[in-house]
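Trainee: Shown below is the structure under consideration.
2 protein chains.
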Amino acid sequence: MSLPPSGAPGKPPIRSIGVTSMVNAGAMSGSGNLMDFLDEPFPDVGTYEDFHTIDWLREKSRDTDRHRKITSKSKESIWEFIKSLLDAWSGWVVMLLIGLLAGTLAGVIDLAVDWMTDLKEGVCLSAFWYSHEQCCWTSNETTFEDRDKCPLWQKWSELLVNQSEGASAYILNYLMYILWALLFAFLAVSLVRVFAPYACGSGIPEIKTILSGFIIRGYLGKWTLLIKTVTLVLVVSSGLSLGKEGPLVHVACCCGNFFSSLFSKYSKNEGKRREVLSAAAAAGVSVAFGAPIGGVLFSLEEVSYYFPLKTLWRSFFAALVAAFTLRSINPFGNSRLVLFYVEYHTPWYMAELFPFILLGVFGGLWGTLFIRCNIAWCRRRKTTKLGKYPVLEVIAVTAITAIIAYPNPYTRRSTSELISELFNDCGALESSQLCDYINDPNMTRPVDDIPDRPAGVGVYTAMWQLALALIFKIVITIFTFGMKIPSGLFIPSMAVGAMAGRMVGIGVEQLAYHHHDWIIFRNWCRPGADCVTPGLYAMVGAAACLGGVTRMTVSLVVIMFELTGGLEYIVPLMAAAVTSKWVADAFGKEGIYEAHIHLNGYPFLDVKDEFTHRTLATDVMRPRRGEPPLSVLTQDSMTVEDVETLIKETDYNGFPVVVSRDSERLIGFAQRRELILAIKNARQRQEGIVSNSIMYFTEEPPELPANSPHPLKLRRVLNLSPFTVTDHTPMETVVDIFRKLGLRQCLVTRSGRLLGIITKKDVLRHMAQMANQDPESIMFN
Amino acid sequence: MSLPPSGAPGKPPIRSIGVTSMVNAGAMSGSGNLMDFLDEPFPDVGTYEDFHTIDWLREKSRDTDRHRKITSKSKESIWEFIKSLLDAWSGWVVMLLIGLLAGTLAGVIDLAVDWMTDLKEGVCLSAFWYSHEQCCWTSNETTFEDRDKCPLWQKWSELLVNQSEGASAYILNYLMYILWALLFAFLAVSLVRVFAPYACGSGIPEIKTILSGFIIRGYLGKWTLLIKTVTLVLVVSSGLSLGKEGPLVHVACCCGNFFSSLFSKYSKNEGKRREVLSAAAAAGVSVAFGAPIGGVLFSLEEVSYYFPLKTLWRSFFAALVAAFTLRSINPFGNSRLVLFYVEYHTPWYMAELFPFILLGVFGGLWGTLFIRCNIAWCRRRKTTKLGKYPVLEVIAVTAITAIIAYPNPYTRRSTSELISELFNDCGALESSQLCDYINDPNMTRPVDDIPDRPAGVGVYTAMWQLALALIFKIVITIFTFGMKIPSGLFIPSMAVGAMAGRMVGIGVEQLAYHHHDWIIFRNWCRPGADCVTPGLYAMVGAAACLGGVTRMTVSLVVIMFELTGGLEYIVPLMAAAVTSKWVADAFGKEGIYEAHIHLNGYPFLDVKDEFTHRTLATDVMRPRRGEPPLSVLTQDSMTVEDVETLIKETDYNGFPVVVSRDSERLIGFAQRRELILAIKNARQRQEGIVSNSIMYFTEEPPELPANSPHPLKLRRVLNLSPFTVTDHTPMETVVDIFRKLGLRQCLVTRSGRLLGIITKKDVLRHMAQMANQDPESIMFN
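From first to last, the protein sequence lines are chains A and B. Sequential numbering from 1 applies to the first sequence in full-length UniProt numbering. Sequential numbering from 1 applies to the second sequence in full-length UniProt numbering.
Right, dumping it as structure tokens:
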């Protein structure tokens, strides 16, 4: 997705601009006793403009200042003491609220998706808001063997023309399925277009960018929250090849943003707000998979930029609260927290590592293929006419998906049900086509320990249906991800892997059954033993494919570990995840989220990239050779008019202040917006300030001729501790400093003389250039 | 522990000093075409001296350079390409080796401890190297009911005087128990004193300091590894109140250090070496508890300083390999990975949160008490004569422990067995005294679901024995931790918590049984139901006490989660861990490891501490007001003799280089040892260099009178990108920069003029001063 123009709906208007925080400049000037007219409380809001980068050091400094103020005040009265306690606890309160809301929303989404997915096939007569399962569950006529059949649940053909079998009933059901899918998809894309353009996509690339210190107003707003939740239900129910896991992270982050706006500690400090958002992302994954630890690690590994230890603990709390809220809503009706609960009864054997690693290779190849094709398609959407008709595109893809999906039982049902079935081991009670093995009539074994058996007709049918479904999924997902609707990638990726894995698993199982005298099977697979679990292969394949697309590692394995709940299967999962990452990395280092960040030109300085070129700060700084000199302010020789002209003629975010144009010795840095506000304020309120008043940044006013106008003191807007590096500093160090300290800009000096400036944008452009990419693709500052 | 003098045994001699890496200076000078005599390969070893702090930025820069070199070479020939591949894989190979060795050592330690602990009570006649359990396991005469009794296993009284019952047999066994304990302890303390003084203590405070960038040569050496492994077995077997978990982390880090010394990538770069050590620490915890994920989080949360994401993934790999190696050794004989495997059959109820939180409060109080008393005792040991007789101290404490411990069955056995028993639920087959409930004779229930029953005599006996054991453990642990033997704190802390928890649990259980009509029980505890699991209380108590002492949070809960294997009990564990942390933090922010770091004056800049004072860089920098001016070098006006005098008269690690003494404009920074080596080299090898040769750091030699001696060019030793801040920079920012970038020193300027220097030691001293501590307690630089 690309960012809509500034006046887009769902985006709150830029709030009235107050003179922004002088706290930092004040603390740094060390001249707290010299009160001047700017020394009054100003509202802190709107410190950063939209699409700008925050200065982490400054935010941190502001928070320390706030904290210091509260601590010193708390000794004054009991009320202030209680307020300081409340302030200290507000972090935990926010986490609790995020957990509760994220868990509730996830539960509601699950229930609604369940119902609406079934609505495509039929309706419950006793209560139309019941899903198929709930309908038959409440009915008395349901037998245990035919849990899915009950008279209260009627297919559309039964309801409309009173036919349940035959070609015409099939066609009617087919048509109703397509119609509902189109209706859902149309509603979703329209809602997104009209109310919240930011609600589309998975949201993870944008959240990564926001967490790295970028401002996108409205991206985590209340409208986005509402519309994303509603449209997520619609698109998942429409049967499109997408999942709800990624968008759930976005939804949780919107919750986080909402609750952090209730506490001034977080709402007024963009740095602190990002701590809350990191925790919210953890809560999002926690409810998406029922994996709280995996969620925290996902936030740590994949999403967050700065992850202080305090955040780790709070994220964990939020993730747990969210998971338990979801469990008490119990949308899956099985008291289980996890999306795909599995229990295997057979260990794995060393020889099986070979197919597991093969699945890893497949996952890596799939990841590479998907990222390349999807990015190519998204680029085409951005650059050609295609992007102008998002509604038509969604309708077309939905129609194609529904038409092709319906005839194949493995694509007709919802993708998460499909994955669930593929993961499952074939127990004695399993009625699935995938478990249609030829049973030995003499077998009298315990239920759970069924030996390997020859495949029956059902398994062979399932195999080719799965193969068709696999090809279809691979193709359609490439076109689906990136449309203007909420769309997650976890579930389709896992489905691709699970299908491939199950097929490999059945293959290995049949091979082992029919050829158990082969040397590779002889040691561990005697006849009549239960050696191969095809469900485990499906799980390993799912992990490999997800890893290939997202390049997650530890969090992926931990999420899978939380699904199975046993350390037993970590080695196969790890082998596949590592292989898949290696294979995919060989073709390109970027995961899908980084690729989309680059495609959209977000100013994201990845902590994982290593900068290995030998360039120096002098090669990157502005002005370049031949460019006009750097726009600077002098400490005590420019008039108000000079400065106003400079501000008008340039669009820099700030100006270095030097002793004089000759010596160019740096004394500080002044922010553009603070300069503007200070001059405006002074002109309105301070007497004697005219266009040719001298502006000075020193502590004492300069000596002026007797008849000159009153000078204007601006020391308060001067940041006396600008960050500097020498021109010989290697760029790898500069990049490191930008990353670790979260700078916005950095001044370049040589022997104490100011030479130039490097902004975050310059760094990103330089990195793009070094990687042979178009430096102009970095769009924002 | 305090650091022994430089010539202590177990510490390899400082290696011959070569001219140290110019790579960085070279890369930074940007004048790679100007070859001078220093431009030849020098051995990189010994870049830092013992008890010095490393410069992380520089190490990183050196590694990038190395990497760049390998990459460019790899295109030259196939052999170089293979070498580059090997280099890329060496990280994984090191992890694999660490995992294998750490797992093996842990297994061997477990087996040896098992055998030697039993040796205190008796000996196996069939094979003296069998432990009690192994002895009876191999014997045919063992019955299932009396697993612990078999004729082959003979108590000392049976073997020596052929008596198994009676007062004299008891006294003989008692004496033998004490004698063995004393022998083990004496051996341990002597081995530590003679061969490896660094092997004492838990090692975690020192490892934290080392990982933060400090050099303690020999602390992770091969001798330490060997001696710590052997003495760990001895002290644990001696029955002292200590555990093997903390020292296992030290042992694993020694393995990490050993393997990293085999690969030049790690051995020559202190920064990269620390990545390996972080992963090794994770492997250590992984084998200590059988909790790989918890181990990784422990390393992340508690031990490591810089934890790049690459390290996360590799740590996880190392932790898993270690865990599986341990499992294949199978020291506990139950195929389980975890130290205390538990399975509970009853859920917990909301009303139980109250006792859980009470246990949290107890844990916090215990943590505070322990830290205060232990630090006070250790300080006394450092400052009084007590510290001079470490062997006597160990002997005395061992004797007291053995004398008091033997009569009480709960202190006689090994602490981990005790914890295991306390954690266990009372199943139908449990023969423990703690499970001596009065059974309902009519009961015909399944084995696992036993309703609450009234306590029998055994339970009451157990209660007062536990109470005595609890008091004894609390007191003796304070005196044990910190003696000159390897000693971990996890197990004693957990034991204290488990005893308290079990007692509370039995209390609640009996209350619920006898008063199930009370309003607090009525809703969830009907008569005949199994409501309260005392074992769970023990587990919660253990978590609370461990949390109170170490202030671990997420890793603690995850370790406990891996022990129980179910999300079910995370909420009680979290409630207790959070409460315990809050209570303990209210009395003092420092965990036991930080307290020991402070006690020993290690230069550790904690990432968790927040610096909130309003001081500026100018308040901290040297020289202070009234002190002599900063020792600087000028770029082209000092003679060789001037510099040699300066070096002789000062002991600074480096000198800033300025344009001239008048302008004081900074151009770079020269390391002391590089200066010394360069001058020495030049005097030996370069013609015409005499004492009054001019030294210059500029690119071109200065213009000199015709008859002056040949000048000496030293640009190669000049770091052209020294880190600078302005004098107005708030100290909170300076502290942040030191932490995040891992600096050694930072220069302070005002308007481009050099004012002073801030070293890591200055920062630490300032922080100590601000916290009203003695700034001179920071001992090292």
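Backbone N, C-alpha and C fix where the C-beta goes; we use that ideal spot for every residue, glycine too.
#1: With DSSP collapsed to three states, give me the class of F561 (chain B).
#2: Among all the DSSP beta bridges, which residues are the ones paired with G654 (chain A)?
#3: Is I485 (chain A) near A252 (chain A), with beta carbons less than 9 Å apart?
#4: In or out: M350 (chain B) buried (at least 16 other Cβ within 10 Å) or exposed?
#5: Since Y266 (chain A) is in the alpha helix (DSSP H), which residue starts that stretch and which ends it?
#6: Going by C-alpha distance, which of A:P730, A:H132, A:F738, A:I70 is nearest R413 (chain A)?
#7: I'd like the list of long-range same chain contacts for N424 (chain B), defined as Cβ closer than 6 Å, with 5 residues on each side in sequence excluded.
#8: Just checking my contact of T650 (chain A) with S631 (chain A) at CB under 8 Å: how many whole Å lie between their CB atoms?
#9: Does any residue of chain A bring its CB to less than 9 Å from the CB of W348 (chain B)?
#10: Any contact of the stretch 706 to 722 of chain A with the stretch 659 to 666 of chain B, i.e. 3+ C-beta pairs under 8 Å?
#11: List the endpoints of the continuous beta strand (DSSP E) containing K155 (chain B).
#12: Report yes if the C-beta distance between L234 (chain A) and G256 (chain A) is below 9 Å; otherwise report no.
#13: Pick out whichever of B:R522, B:F669, B:E732 has its Cα sitting closest to the Cα of T612 (chain B).
#14: Please list the partners that F324 (chain A) has in chain B, where partner means a Cβ-to-Cβ separation under 8 Å.
#15: Relative to the C-alpha of I329 (chain A), which candidate in A:V194, A:R614, A:A376, A:L101 has its C-alpha closest?
#16: Please classify Q773 (chain B) as buried or exposed, where buried requires at least 16 other C-beta atoms within 10 Å of its C-beta.
#17: Indicate whether at least one CB of chain A lies closer than 9 Å to the CB of E76 (chain B).
#18: Specify the secondary structure class of R380 (chain B) as computed by DSSP and reduced to three states.
#19: If you measure between the beta carbons of T477 (chain A) and G239 (chain A), is that distance less than 9 Å?
#20: According to a CB-to-CB cut-off of less than 7 Å, which residues of the stretch 659 to 677 of chain B neighbour chain A?
#21: Buried or exposed for G304 (chain A), going by 16 or more other Cβ atoms inside 10 Å?
#22: Since V725 (chain B) meets chain D, which of its residues come closer than 9 Å, beta carbon to beta carbon?
#23: Which partner residues does I520 (chain A) have in the DSSP bridge list?
#24: Could you tell me whether the stretch 121 to 135 of chain B touches the stretch 149 to 159 of chain B, where touching means 3 or more Cβ pairs closer than 8 Å?
#25: What residue does the beta strand (DSSP E) around C254 (chain B) start on, and which one ends it?
#26: Please state whether DSSP places A495 (chain B) in a helix, a strand or coil.
#27: Taking C545 (chain B) as the reference, give the member of B:K310, B:I78, B:R217, B:P492 with the closest Cα.
#28: Should M767 (chain A) be labelled buried (16 or more other beta-carbon atoms within 10 Å of its own) or exposed?
#29: Give the straight-line distance between the Cα atoms of V508 (chain B) and V532 (chain B), rounded to the nearest whole angstrom.
#30: Please say whether F655 (chain A) and R673 (chain A) have beta carbons closer to each other than 9 Å?
#31: Any idea if K388 (chain A) is buried or exposed, counting beta-carbon neighbours within 10 angstroms, 16 or more meaning buried?
#32: Where does A405 (chain B) sit, in a helix, a strand or coil, going by DSSP?
#33: Roughly how many angstroms separate the alpha carbons of F307 (chain B) and P775 (chain B), rounded to a whole number?
#34: Assuming A467 (chain A) and G497 (chain A) form a contact by the criterion Cβ under 8 Å, report the distance between their Cβ atoms to the nearest whole angstrom.
#35: Who does T639 (chain A) pair with in a DSSP beta bridge?
#36: Give the residues of chain B in contact with S286 (chain A), contact being defined as C-beta atoms less than 8 Å apart.
Mentor: Put simply:
#1: In the second sequence, the residue the question calls residue 561 (chain B) occupies position 561. Helix, per DSSP.
#2: Position 654 of the first sequence, counted from the first residue, corresponds to residue 654 (chain A). G654 (chain A) is bridged to A:Q671.
#3: Residue 485 (chain A) sits at position 485 when you count from the first residue of the first sequence. Residue 252 (chain A) sits at position 252 when you count from the first residue of the first sequence. Cβ distance not < 9 Å, so I485 (chain A) and A252 (chain A) don't count as in contact.
#4: What you label residue 350 (chain B) is simply residue 350 of the second sequence in a count that begins at 1. Around the CB of M350 (chain B), fewer than 16 other CB atoms lie within 10 Å, so the residue is classed as exposed.
#5: In the first sequence, residue 266 (chain A) corresponds to position 266, counting from 1. Y266 (chain A) -> alpha helix (DSSP H) spans 264 to 267.
#6: The residue given as residue 413 (chain A) occupies position 413 in the first sequence. Ranking A:P730, A:H132, A:F738, A:I70 by Cα distance to R413 (chain A) puts A:H132 first.
#7: What you label residue 424 (chain B) is simply residue 424 of the second sequence in a count that begins at 1. Excluding positions up to five away in sequence, the list reads G535.
#8: Here residue 650 (chain A) is taken as the residue at index 650 of the first sequence, counted from 1. Here residue 631 (chain A) is taken as the residue at index 631 of the first sequence, counted from 1. Yes, T650 (chain A) and S631 (chain A) are in contact; Cβ-Cβ is about 5 Å, under 8 Å.
#9: To locate residue 348 (chain B), count along the second sequence from 1; it is residue 348. No, W348 (chain B) lies away from the interface with chain A (no Cβ there is under 9 Å from its Cβ).
#10: no
#11: By one-based count along the second sequence, residue 155 (chain B) stands at place 155. Where K155 (chain B) is concerned, the enclosing beta strand (DSSP E) stretches over 153 to 155.
#12: Position 234 of the first sequence holds residue 234 (chain A). Position 256 of the first sequence holds residue 256 (chain A). No, the pair does not count as a contact, with Cβ atoms beyond the cut-off.
#13: Position 612 of the second sequence holds residue 612 (chain B). The residue with the shortest Cα to Cα distance from T612 (chain B) is B:E732.
#14: As a first step, residue 324 (chain A) is located in the first sequence; it is residue number 324 there, counting from the start. In chain order: V571.
#15: As a position in the first sequence, residue 329 (chain A) is number 329, starting the count at 1. The shortest Cα separation from I329 (chain A) among A:V194, A:R614, A:A376, A:L101 belongs to A:L101.
#16: Residue 773 (chain B) sits at position 773 when you count from the first residue of the second sequence. Under the 10 Å beta carbon count, Q773 (chain B) is surrounded by fewer than 16 other beta carbons and is classified as exposed.
#17: Stepping through the second sequence from its first residue, residue 76 (chain B) is reached at position 76. No, because no Cβ of chain A sits closer than 9 Å to the Cβ of E76 (chain B).
#18: Numbered from its first residue, the second sequence carries residue 380 (chain B) at position 380. If DSSP states are grouped into helix, strand and coil, R380 (chain B) belongs with the helices.
#19: As a position in the first sequence, residue 477 (chain A) is number 477, starting the count at 1. As a position in the first sequence, residue 239 (chain A) is number 239, starting the count at 1. 9 Å or more divides the Cβ of T477 (chain A) from the Cβ of G239 (chain A).
#20: V659, R665, L666, I667
#21: Against the first sequence, residue 304 (chain A) aligns to sequence position 304. In the sequence under discussion, the amino acid at residue 304 (chain A) is Ser, which differs from the Gly named in the question. S304 (chain A) should be labelled buried.
#22: In the structure shown, chain D cannot be found, because the protein chains are A and B.
#23: Position 520 of the first sequence, counting from 1, holds the residue named residue 520 (chain A). Answer by DSSP bridge pairing: none, since I520 (chain A) is not bridged.
#24: Touching, yes, given that three or more Cβ pairs across the two stretches are closer than 8 Å.
#25: On the second sequence, residue 254 (chain B) is found 254 positions in, with the first residue counted as 1. Segment 245 to 260 is the alpha helix (DSSP H) holding C254 (chain B); no beta strand (DSSP E) there.
#26: Here residue 495 (chain B) refers to the residue found at position 495 when the second sequence is read from its first residue. Note: A495 (chain B) maps to helix in three-state DSSP.
#27: Start at 1 with the first residue of the second sequence, and residue 545 (chain B) comes out as number 545. Comparing alpha-carbon positions, the option among B:K310, B:I78, B:R217, B:P492 lying closest to C545 (chain B) turns out to be B:P492.
#28: Reading the first sequence from its first residue, position 767 is the one you call residue 767 (chain A). The residue in question, M767 (chain A), is buried, as its Cβ has 16 or more Cβ neighbours within 10 Å.
#29: By 1-based counting over the second sequence, the position of residue 508 (chain B) is 508. By 1-based counting over the second sequence, the position of residue 532 (chain B) is 532. Between V508 (chain B) and V532 (chain B), the C-alpha separation is close to 7 Å.
#30: Counted from its first residue, the first sequence places residue 673 (chain A) at position 673. Counted from its first residue, the first sequence places residue 655 (chain A) at position 655. In this structure, F655 (chain A) does not lie closer than 9 Å to R673 (chain A) by Cβ.
#31: The count along the first sequence starts at 1 and reaches residue 388 (chain A) at position 388. Exposed: under 16 other Cβ atoms inside 10 Å.
#32: One-based indexing of the second sequence puts residue 405 (chain B) at position 405. The answer is helix: DSSP assigns A405 (chain B) an H, G or I state.
#33: To locate residue 307 (chain B), count along the second sequence from 1; it is residue 307. To locate residue 775 (chain B), count along the second sequence from 1; it is residue 775. Rounded to whole angstroms, F307 (chain B) to P775 (chain B) spans 29 Å at the Cα level.
#34: Here the question's residue 467 (chain A) lines up with position 467 in the first sequence. Here the question's residue 497 (chain A) lines up with position 497 in the first sequence. For A467 (chain A) against G497 (chain A), the beta-carbon gap comes to about 14 Å, at or over 8 Å, which does not count as contact.
#35: Indexing the first sequence from 1 puts residue 639 (chain A) at position 639. In the DSSP assignment, T639 (chain A) forms a beta bridge with A:I694.
#36: Counting from one through the first sequence, the residue named residue 286 (chain A) turns up at place 286. Those within 8 Å of S286 (chain A) in chain B number zero; the least Cβ separation is about 11 Å.
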